[in-house]
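Trainee: There's a structure below that I have some questions on.
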Amino acid sequence: MAFCPFAEQRTITGSSGKYTGGIFKIVHHTTEGGSAEGAFAAFKAHRSDPHFTVDANKIYQHIDTDVAARSLRNAAGGVETNRDRALQIEVVGFAGKTKNKAAMKNLARLCRWLEETHHIPLVWPAGLPKPARNGKDPGGHVRSTEAWAKGGHFGHCHVPENTHWDPAYTKTEAAYLMAARFDAAGKLINAQDPAVLALEQQPIAMDGDAAFAIMDDHADVGDANTDTVEPVNPAVHKQPEQVPLLIQPGGGLCLSGGGYRAMLFHAGSLLRLYETGHLYSLQRISSVSGGSITSAVLALAWRHLPFDGERASFEARIIIPIRDLARRTLDAEAILTGLLLPGTIGEQIAAAYDKYLFHGATLQNLPVTPRFIINATNVQSGILWRFSRPYMGDYRVGRIENPEFSLASAVAASSAFPPVLSPLTIGLSPASFKSGSGDDLQRFPYTSDVVLADGGVYDNLGLETVWKRYETVLVSDAGAKIKPEEEPKKDWARHAYRILDIIDNQVRSLRKRTLIASYQALPDDPAKRKGAYWGIGAEYDHYARRALNLHCTPERVQELATIATRLKKLDDELQERLINWGYAITDAALRTYVDPELPEPAAFPYPKSGV
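Residue numbers for the sequence shown follow the numbering used here, so the first one is 6 and each next one is one higher.
As structure tokens, this is what we get:
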């Protein structure tokens with residue numbers, strides 16, 4: 006038996022059996038995910054355990070190295086590579102981007118132990134793994150049986166009868182793996198070796214730098230099913246909300262709720278992000294309530310946008326449809342229709358969204374990247390229910406993968422503000438849920454009739470799914486500032502509405518404090534985040550790099566911040582003022598906290614209306 010003395014033993018599904026031949030070799034994989042826990046869940050689901058998993062913190066051993074692992078394709082009658090004395094290591098990370106430096110150190114230490122224990126030469130018989138080209142498969146991999154018959158190191162890209170192209174180490178990473186040496190305690194003893202020093206100077210890839218290809222049947226595909234890098238899907242874990250996730254490079258954008266006020270304010274924010282190039286670099290866009298209307302319109306338009314910074318295409322595909330909707334009152338009409346005709350109020354809202362904006366689109370019409378997540382609140386489980394292209398669900402009830410679910414209904418659920426527009430109940434088939442994907446509530450009636458309310462009830466900034474994943478967090482907050490009332494109403498309807506406003510205000514304040522504290526944290530604090538927050542009620546003069554040619558007076562700003570949270574028509578000038586204000590405050594936040602080199606905008610999108 007051979008167990009690594011400095012690895013944590015973590016059995017998952019076990020060995021594939023005894024070796025049938027060959028000489029010992031090391032095979033390098035990448036998990037295509039963001040955490041070891043996510044990889045473990047995938048190994049269990051697919052019975053694809055390697056011998057080891059390596060991340061920045063630990064080395065995990067799953068299988069005795071004297072018996073075979075399961076991470077390779079193993080065609081009967083062929084080479085049967087799993088059983089050909091292939092010692093398999095999964096490195097947490099992606100083939101399409103540079104690897105975590107601490108993980109590479111752990112990997113090198115493990116390789117030295119395996120080489121000594123199993124007499125494996127420090128050579129690459131099929132050549133070094135080819136690094137990714139623009140985040141994608143570079144091609145030209147040597148998968149010959151002649152090379153495979155030799156001892157040494159191989160990438161998954163070199164294994165006969167296999168098709169994957171990982172690990173795609175850069176030349177710097179491969180040189181480090183060859184050079185690094187350690188003492189018995191695991192201390193690096195040749196830190197001044199040029200190949201070792203070079204790894205410290207290798208730039209860290211940002212997720213938004215390019216489109217990264219992902220191997221869709223790899224160890225930890227999370228909830229992604231095609232061709233973009235994504236961190237692990239939290240819903241595949243036993244207790245995902247409690248599993249600490251590795252924070253990923255790259256960033257996400259959060260769009261708050263606030264009815265038409267939010268919808269238009271965010272449209273202005275997105276326009277400025279588009280012009281500056283920051284929109285294209287996002288890995289995730291998370292939204293609630295009114296923000297979900299804008300987000301969903303953007304999602305459907307995404308593949309049609311040239312991302313050249315010019316306004317015309319953005320205005321045609323996003324601003325104009327949103328403004329057309331803002332000329333219609335949906336909430337009062339839906340209430341009346343819901344009282345007089347079959348169907349709930351939420352269903353009437355969904356029908357209106359579909360008629361005016363989404364035209365039959367489903368979640369499968371969302372782009373693969375960036376990941377758009379539309380958040381609702383599951384009234385039954387008491388947590389966020391997420392709608393996205395790869396899955397919908399929550400971690401307690403479970404998830405439905407690749408859902409052909411109406412985009413309009415997802416947005417309606419996200420914007421079902423209580424007590425009038427909430428709840429929206431969606432009927433589902435329990436059989437459509439992935440087996441074992443829920444924690445404690447994957448059973449009737451939770452999986453048959455899901456009762457949903459506005460996503461802002463749980464997370465009114467749409468913050469959670471971005472803050473838990475990415476080092477850069479941008480937040481656009483169109484939440485209304487609560488007004489004092491000298492004589493609060495005492496009838497049940499208006500009193501309940503007032504109480505909901507107070508609760509919303511408190512939840513928003515707590516999340517905002519957490520966010521701001523993360524921006525201000527020390528660099529080595531795990532809670533540290535980069536990015537910017539901007540709010541509809543912010544004071545423009547507080548931003549050091551505000552555009553002085555955009556006049557945003559406090560009085561005019563407060564008029565916009567106190568517009569009622571309704572789906573009620575707004576006149577054209579008010580629409581333009583909201584868009585202008587979102588545009589101006591986003592620019593000020595970006596240039597003050599994110600990108601000081603951005604040029605000052607020449608004018609408002611609608612100069613005549615101002616703020």
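Beta carbons: idealized from backbone N, C-alpha and C, even for Gly.
Report all residues from its chain with a CB closer than 7 Å to the CB of P559; omit the five preceding and five following residues, and keep chain order.
Mentor: Start at 1 with the first residue of the sequence shown, and residue 559 comes out as number 554. The residues are E544.
Trainee: For D592, which three-state DSSP category applies?
Mentor: Residue 592 sits at position 587 when you count from the first residue of the sequence shown. Taken through DSSP and simplified to helix, strand or coil, D592 comes out as helix.
Trainee: Look at the alpha carbon of C162 and the alpha carbon of H51, and state the distance between them as a whole number of angstroms.
Mentor: In the sequence shown, the residue the question calls residue 162 occupies position 157. In the sequence shown, the residue the question calls residue 51 occupies position 46. Near 20 Å, if we compare the C-alpha coordinates of H51 and C162.
Trainee: By how many angstroms is the C-alpha of L193 removed from the C-alpha of G398?
Mentor: Position 393 of the sequence shown, counted from the start, is the residue given in the question as residue 398. Position 188 of the sequence shown, counted from the start, is the residue given in the question as residue 193. Approximately 45 Å between the Cα atoms of the pair.
Trainee: Please identify the residue among R499, D506, I590, D509 whose C-alpha is closest to the C-alpha of G542.
Mentor: What you label residue 542 is simply residue 537 of the sequence shown in a count that begins at 1. When each option's Cα is compared against that of G542, the closest is I590.
Trainee: Going by Cα to Cα distance, which pick from G26, G19, T58, T25 is closest to T35?
Mentor: Reading the sequence shown from its first residue, position 30 is the one you call residue 35. Taking only the C-alpha atoms, the option nearest T35 is T58.
Trainee: Jot down the residue ranges of each uninterrupted beta strand (DSSP E) in the segment 112-164, minimum 3 residues, whole runs only, in chain order.
Mentor: 157-160
Trainee: Which first and last residues belong to the beta strand (DSSP E) in which P254 is found?
Mentor: Along the sequence shown, read from residue 1 onward, the residue named residue 254 stands at position 249. Here the beta strand (DSSP E) through P254 covers 253-260.
Trainee: Roughly how many angstroms separate the alpha carbons of C259 and L468, rounded to a whole number?
Mentor: The sequence position of residue 259 within the sequence shown is 254, counting from 1. The sequence position of residue 468 within the sequence shown is 463, counting from 1. Approximately 6 Å, taken between the alpha carbons.
Trainee: Give the DSSP-derived three-state secondary structure of S586 in the structure shown.
Mentor: To locate residue 586, count along the sequence shown from 1; it is residue 581. Per the sequence presented here, residue 586 reads as Trp, with Ser not at that position. Here W586 sits in helix by DSSP.
Trainee: Below 8 Å, can you find three or more Cβ-Cβ pairs linking the segment 440-447 to the segment 398-408?
Mentor: yes
Trainee: Using 8 Å as the cut-off, can you tell me whether the segment 319-332 makes contact with the segment 482-492, which would need three or more C-beta pairs spanning the two stretches below that distance?
Mentor: no
Trainee: Report yes if the CB atom of I327 is closer than 7 Å to the CB atom of A272, and no otherwise.
Mentor: If you number the sequence shown from 1, residue 327 lands on position 322. If you number the sequence shown from 1, residue 272 lands on position 267. Contact: yes.
Trainee: Does DSSP classify Y396 as helix, strand or coil?
Mentor: Taking the first residue of the sequence shown as 1, we reach residue 396 at position 391. If DSSP states are grouped into helix, strand and coil, Y396 belongs with the strands.
Trainee: Work out the CA separation of G255 and A522 for me, nearest whole Å.
Mentor: As a first step, residue 522 is located in the sequence shown; it is residue number 517 there, counting from the start. As a first step, residue 255 is located in the sequence shown; it is residue number 250 there, counting from the start. Whole-angstrom Cα-Cα distance: 19 Å.
Trainee: Please classify A537: does DSSP put it in a helix, a strand, or coil?
Mentor: Indexing the sequence shown from 1 puts residue 537 at position 532. In the structure shown, A537 sits in a strand (DSSP, three-state: E or B).
Trainee: Under 7 Å between the Cβ atoms of L565 and Y265?
Mentor: As a first step, residue 565 must be located in the sequence shown, where it is residue number 560. As a first step, residue 265 must be located in the sequence shown, where it is residue number 260. Cβ distance not < 7 Å, so L565 and Y265 don't count as in contact.
Trainee: Go ahead and label W129 buried or exposed: buried means 16 or more other beta carbons lie within 10 angstroms of its beta carbon, across all protein chains shown.
Mentor: Numbered from 1 along the sequence shown, position 124 holds the residue referred to as residue 129. Buried is the call here.
Trainee: Going by DSSP in three states, A607 sits in which element: helix, strand or coil?
Mentor: Position 602 of the sequence shown, counted from the start, is the residue given in the question as residue 607. The answer is coil: DSSP assigns A607 none of H, G, I, E or B.
Trainee: Give the DSSP-derived three-state secondary structure of E85 in the structure shown.
Mentor: As a working mapping, residue 85 is identified with position 80 in the sequence shown. Residue state, collapsed to three classes: coil.
Trainee: At a cut of 8 Å, does the segment 59-75 reach the segment 183-200 through at least three beta carbon pairs?
Mentor: no
Trainee: What does the alpha-carbon distance come out to for the pair G3 and R88?
Mentor: There is no way to answer for residue 3, as the model of the chain reaches only from 6 to 616.
Trainee: With 16 as the cutoff for other CB atoms within 10 Å, does P610 come out buried or exposed?
Mentor: Within the sequence shown, residue 610 is the residue found at index 605, counting from 1. Label assigned to P610: buried.
Trainee: With distances taken Cα to Cα, identify the nearest neighbour of T281 among L595, A608, P408.
Mentor: Translated into positions along the sequence shown, residue 281 becomes position 276. Closest option to T281, Cα to Cα, is L595.
Trainee: In this structure, does DSSP put K49 in helix, strand or coil?
Mentor: Within the sequence shown, numbered from 1, the residue matching residue 49 stands at position 44. DSSP places K49 in helix when its eight states are reduced to three.
Trainee: Going by alpha carbons, who is nearest to A501 out of G145, P423, F312?
Mentor: Sequence index remark: in the sequence shown, residue 501 carries index 496 (1-based). Looking at the Cα atoms, P423 is the closest of the given residues.
Trainee: Between which two residues does the beta strand (DSSP E) holding Y475 run?
Mentor: Within the sequence shown, numbered from 1, the residue matching residue 475 stands at position 470. Where Y475 is concerned, the enclosing beta strand (DSSP E) stretches over 475-482.
Trainee: Excluding the 5 residues flanking L579 on each side, which residues of the same chain have their C-beta closer than 6 Å to its C-beta?
Mentor: Taking the sequence shown and counting its residues from 1, the one referred to as residue 579 is at position 574. Same-chain partners within the cutoff: there are none.
Trainee: Kindly indicate the opening and closing residues of the beta strand (DSSP E) around L457.
Mentor: Counted from its first residue, the sequence shown places residue 457 at position 452. It spans 454-459 - the beta strand (DSSP E) in which L457 sits, taken as one unbroken run.
Trainee: Going by DSSP, which residues form a beta bridge with A91?
Mentor: Translated into the one-based positions of the sequence shown, residue 91 becomes position 86. Answer is K30.
Trainee: Tell me whether N510 sits in a helix, a strand or coil according to DSSP, three-state version.
Mentor: Locating residue 510 in the sequence shown gives position 505, where the first residue counts as 1. N510 carries a helical assignment under DSSP once its states are collapsed to helix, strand and coil.
Trainee: By the 10 Å Cβ neighbour count, where 16 or more other Cβ atoms means buried, how is L345 classified, buried or exposed?
Mentor: The count along the sequence shown starts at 1 and reaches residue 345 at position 340. Any answer about L345 is weak, because its pLDDT of 45 lies below 50 and its placement is not dependable; what the coordinates show is given next. Under this definition L345 is an exposed residue.
Trainee: Determine, using beta carbons only, whether A173 and P134 come nearer to each other than 7 Å.
Mentor: Numbered from its first residue, the sequence shown carries residue 173 at position 168. Numbered from its first residue, the sequence shown carries residue 134 at position 129. In this structure, P134 lies closer than 7 Å to A173 by Cβ.
Trainee: With the cut-off set at 7 Å, would you say L289 and V471 are in Cβ contact?
Mentor: In the sequence shown, residue 289 corresponds to position 284, counting from 1. In the sequence shown, residue 471 corresponds to position 466, counting from 1. Correcting the residue identity first, residue 289 is Arg in this sequence and not Leu. Taking 7 Å as the Cβ cut-off, R289 and V471 qualify as a contacting pair.
Trainee: Would you identify the three-state DSSP class for E581, choosing helix, strand or coil?
Mentor: As a first step, residue 581 is located in the sequence shown; it is residue number 576 there, counting from the start. Correct three-state label for E581: helix.
Trainee: Taking buried to mean at least 16 other C-beta atoms within 10 Å of its own C-beta, is F8 buried or exposed?
Mentor: Here residue 8 refers to the residue found at position 3 when the sequence shown is read from its first residue. With fewer than 16 other Cβ atoms within 10 Å, it is exposed.
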